[in-house]
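Data first, discussion second: the structure below is written as structure tokens.
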Amino acid sequence: MLTIENLYKSFGKLVAVNDFNLHVKEGETAVLMGPSGCGKSTMIRMINRLIEPDSGRICVSGTEITKLDLEELRRVRKRIGFVFQQFNLIGRLTAVENVMLGLVMDGIPRDAAYDKAMEALEKVGLEKRAQHKSAEMSGGQQQRVGIARALAFEPELMLWDEPTASLDPILVREVLVIMEELAKYRASSMLVVTHEISFAIHVADRIILMDKGSIVEEGMPEDVFGNPASHIGQQYKELIEYQQITNARTLNSKNIA
Amino acid sequence: MSISLAKRKIMNLRKDSFYLDVITLMVVSIVIGSLLATSISMAANSYFSKTLASLVGDYGEYDVLIQSREEMKGDTATHIQKIIEEVFPGARMKEGPTITGKTSFFIAIPEEYRTKQTYEELGKTFGGIPGGAGVGVLTEPRLTIRGVPEGARTMMMDVITQIDGVRFTFRDGSSIGVVLSSLDKATVVTEEIKKVLKQYQVIEISFPVGSEPQNPIRMGESIGDAMKSQLKLEYAKNVSIDGKNDDMTYMVSTMMELKRFLVAYASQVTITPNGSGKLVKGDTIAFTGTGPALAPGNPVDKGNVMVQITAVHTDGKGEGTITQGDAALLTNNQGYRVSNGVISDYVGTAAYQNPRQQLGTALTETTKIVDQIPGFAQDSQNLNKIATLTLDNYSNSITAMEQTLTSLKAAGTTIQTATSGLANIDTKSVQNQIDSSSRSMGGLINTLQVLKLVDSSVGGTVDNLVASQRNLSTLKSGLAALDTVAADARQAKGSIDNIVANGNNTIGTLRAFDVEGTKKNMNSINTRLNQLGQLDTPLVSGQLQYLAAAVPNLKDEEITRSVSVLDKFIAGQAIPGERIQILTTSNISTDAVAPIVYSQVGHQNVSLYSTDLGIIEPNVRGELYSVLNEVRAVLSGMTAIIVTILFLALDHTAIMTVIRCSRINKRKPVEGWRGLLRSAAAIFTGAERIYGMVIGAILITSIFVLGRSGIPYLPWIAVPLVGALIGLIVACYTEKISPMSNDEMMAGQSLGLSVDEIMREIVIPSGRPGLLQKLNQRKMKFK
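These protein sequences, in sequence, are chains Y and F. Everything in the first sequence is counted per full-length UniProt numbering, starting at 1 for the first residue and increasing by one. Everything in the second sequence is counted per full-length UniProt numbering, starting at 1 for the first residue and increasing by one.
Set out below in structure tokens:
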């Protein structure tokens, strides 16, 4: 489905992504994790060339994206759903218009586009907020609109760039629920950049740990977090253990069951 | 590669691309901007023109402007109306605005009265208006030339009148008014007048104080003449009569001459100071004159002679002029200084020279000569008559002499024959012949003696004749003895031969004398003597006697006072004594003129400058309209600038922000001096900056051209630069003016939207409300 080979990107002297190789199978949900500034967002944005890579090769369903001209790239982008950390909704449009935008621009008749958009909004539970503008919605709702917008094209590949990073913990949940559902019930592949360990443990088919622009470890969640091979993996394992202990103690001491 | 790129660009344009939107925006912006600039400027122009027309009428509507005191305007209007009814029937008057207490009246003169004479007599025609403060000319189209020296105005007016398009010229105060046949001739006539003005120059000769010529007008004339003769100039004329009419100038000139005459005949008193006395320029010295004897402490008397010291020599002697009394009264030459009208100390003795007395004596002597003229002429005429008569006899005498010599020759032959037979000789007959010859010769000698008075060259001839006569006497004596002395016959023959030879020589000389020429000269002398005799010598004599008697009567005191009065008048007239103006052709330099000026003024303490003959004065009304036109253009220009700024800020900043974001995103960070260099270069080479500069330049230039805008001191070539500068400044602040959400654009990109779609659906609607937003609404799918 998605194949990345020898991907490289630098900003001056700063190497953001270095010799990055990855393959995501069709229907697979791969979760990319790593410390802040390790190049995760740069890497995921290079997949649909929102950021141009310096070198390397990216293929989506056999199409080598790095070689496409702008017109071809536009067509491929419609097959790739992208959910942004900051939601990136068009402020002047309503929720449904945000979802419809790509569809209408793709030539789909307005009514059909509307139906599709409403369907997408229903999937994220926001059909009642369809006529609201982003400023009238909470962060979680905005992000769900963003998800609906990405889903409306029924993409082959969904890219998630830290979708819960800008949300408070309560709102995170409503987004994660949708993401879990999508991962379970959709056939499309997903590459998710997140710091949500529980989500990764529950949903990911594969965990990819990244540090300083390169993959340091990858594998099944239980392997990576249970028996880490890398320093980053070890840190995540310790973090999981610490959270488990702390949560249990806290819950017991406060008699919250 | 570049061809395919160009094809692609064209294809993009063919499609409904955003590029076309920008082009449409530009066209609409330019049209709206131009209309706005033109409308505002035209509205302002219309307003000012109407205001101006209400104040001074339309262009060419009125011919004369009369200003009068506000409080008299009623009387003034009545008077003007009366005058125009009498002098310019059909003329029309309008009361204009009152400014600073002066009311303006505008008069439109009928076409037939618009003549040179009318304009030159405007002052006279409207001179008696009550409360009148001034008369001016408003006729259009008209040019005014000012600065032309008075002496050159007539010549200039004659030349300008010949120019095609000039209706007539007239004297407008110190300027020349040129009325044109039509407005469209104004440019051509102006150029032609400029050409004429360029053909001439005025050379100004300035004299520093103390070096001024006595009579600048005469001096100017002689410099002009010298320039013409020495530099072979066609034209060099003294025009030093700036701002005055000829009569007044020449009157002043005459007064200056009169002053010179009086000063020349004023007595010059020289005072030799006593041992301790010291004279100072300006001192007044008193002499007794006909007054009481001078004594220190006494007041000055009217009979005293007063001398003012005008100069003090190095030897201490003072020179002065008599300010009271006369030099003739200086019998007592002991002088006392006068201080505050009181006799002070004794200063010395005076000697004087009285040129009037000398002149009187000279005139008396001349009178005597004049009295002798009639007698002298009469005597000369008599003498002339005698000489003429003598000349008439001269030719006859020579003929008689020739006959005598022929007879003598015959006598010689007779004597020779008698030598061989003396007895047969008729001595009596010969003696008679000798007597006859001697008498003839005596007559000739007498004639020649008279002629000798006229022509001394005949003296030798007279002497020869006298000698011949003596020989004849000797011959006669010889003949008396012939009878007895036959031998003497041969001697007689020799004497006769000598007499004949000498006589022939003498006749040759006498014949060489130009009797007719001498007679002609004598006639001429006679004519002149005749004319001399006809002179009214009694009258001349009488006048000379009068002058001889009158000149000494002119008192020094009177001369001094007269000179003082003349000085006051001359100074009051402010004749430009320190400056001479010579009008000449422009092909001569002041360097060439300088030696002539030095020679004429007698020193080199002068400065020479060359100035233009005159300048074409801007027509006030024309200038006003021109200024209004400029104001219109400036307003249009300012509108163009403001509109350009608005269009750039409202419509183009969104585009510039997108371009800037795109540039920044693609840019790779460079550190160190290269980074600084790139940042500096980006000020002008950044894509959004270039876009701003190009759009600014196109917008402002187009609006300037279509709106006929203009800004003083801003050449056309600088207009696009101003536009580019505005565009650059706006581009520098584009993100602040029109901030763009990079996230929204990125969302659009991720949804596979094209640049055009992102611009139309995301960027432009989120930008500043402007023309682009309005135009974009037609293309937007989500309004």
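Here a beta-carbon is modelled for each residue, glycine too, at the ideal position from N, C-alpha and C.
query, result
"Endpoints, the alpha helix (DSSP H) within which residue 225/Y is located", "221-226"
"Residues of its chain near residue 761/F, where Cβ-Cβ distance is below 8 Å and the 5 sequence neighbours each way are ignored", "748, 753, 780, 781, 782"
"For residue 309/F, the first and last residue of its enclosing beta strand (DSSP E)", "305-312"
"Same chain only: Cβ atoms within 6 Å of residue 251/Y, ignoring 5 sequence neighbours per side", "none"
"Alpha-carbon spacing of residue 768/F relative to residue 157/Y, whole angstroms", "37 Å"
"Option nearest residue 13/Y by Cα separation, candidates 442/F, 538/F, 669/F", "669/F"
"Rounded C-alpha distance that separates residue 17/Y from residue 128/Y", "41 Å"
"As assigned by DSSP and simplified to three states, the class of residue 538/F", "helix"
"At least three beta-carbon pairs within less than 8 Å, the stretch 397-404 of chain F to the stretch 427-446 of chain F", "yes"
"Residue nearest to residue 147/Y in terms of C-alpha spacing, selected from 192/Y, 135/Y, 26/Y", "192/Y"
"Cβ of residue 97/Y within 8 Å of any chain F Cβ", "yes"
"Inter-residue CB distance, residue 639/F and residue 36/F (contact presumed, cutoff 8 Å)", "6 Å"
"Endpoints, beta strand (DSSP E) assigned at residue 96/F", "92-99"
"Amino acids of chain F, ordered along the chain, whose beta-carbon sits closer than 8 Å to that of residue 104/Y", "781, 782"
"Three-state class that DSSP yields for residue 251/Y in the structure shown", "helix"
"Own chain, CB closer than 8 Å to residue 328/F, minus 5 neighbours either side, in chain order", "354, 357, 552"
"Cβ-based neighbour list, residue 213/F, same chain, cut-off 8 Å, excluding 5 preceding and 5 following", "207, 219, 577, 580, 601"
"Inter-residue Cα distance where the pair is residue 247/Y and residue 117/Y", "40 Å"
"Counted within 10 angstroms of its Cβ, other Cβ atoms place residue 141/F as buried (16 or more) or exposed", "buried"
"Cross-chain neighbours of residue 48/Y in chain F, by beta carbon under 7 Å", "750"
"7 Å Cβ cut-off: residues of chain F touching residue 12/Y", "668, 669, 670, 671"
"For residue 143/F, the first and last residue of its enclosing beta strand (DSSP E)", "142-146"
"Residue burial classification, residue 7/Y (beta-carbon count within 10 angstroms, cutoff 16)", "buried"
"One or two residues paired with residue 299/F in a DSSP bridge", "342/F"
"Unbroken alpha helix (DSSP H) run spanning residue 587/F, endpoints", "Neither: residue 587/F is in no alpha helix (DSSP H) and is coded neither H nor E."
"Contact with chain Y by residue 743/F, beta-carbon distance below 8 Å", "yes"
"Per DSSP, cross-strand counterpart(s) of residue 123/Y", "According to DSSP, which records beta bridges pairwise, residue 123/Y is partnered with nothing at all."
"CB contact check: residue 753/F to chain Y, cutoff 8 Å", "yes"
"Residue range of the alpha helix (DSSP H) that includes residue 273/F", "Element bounds for residue 273/F: not the alpha helix (DSSP H) but the beta strand (DSSP E), 268-273."
"Segments of 3+ residues assigned as beta strand (DSSP E) that fall wholly inside the stretch 30-90 of chain F", "64-69"
"Residues of the stretch 25-41 of chain Y whose Cβ lies closer than 7 Å to any Cβ of chain F, in chain order", "none"
"Beta-carbon proximity check, residue 51/Y vs residue 4/Y, cutoff 8 Å", "no"
"Below-8 Å beta-carbon distance, residue 747/F vs any chain Y residue", "yes"
"Through-space distance from residue 540/F to residue 472/F, alpha-carbon basis", "59 Å"
"Residue 208/Y: CB within 7 Å of a non-hydrogen atom of the ligand GDP", "As for the ligand GDP, it is missing from this structure, which has no ligand bound."
"Local conformation of residue 76/Y per DSSP, three classes", "helix"
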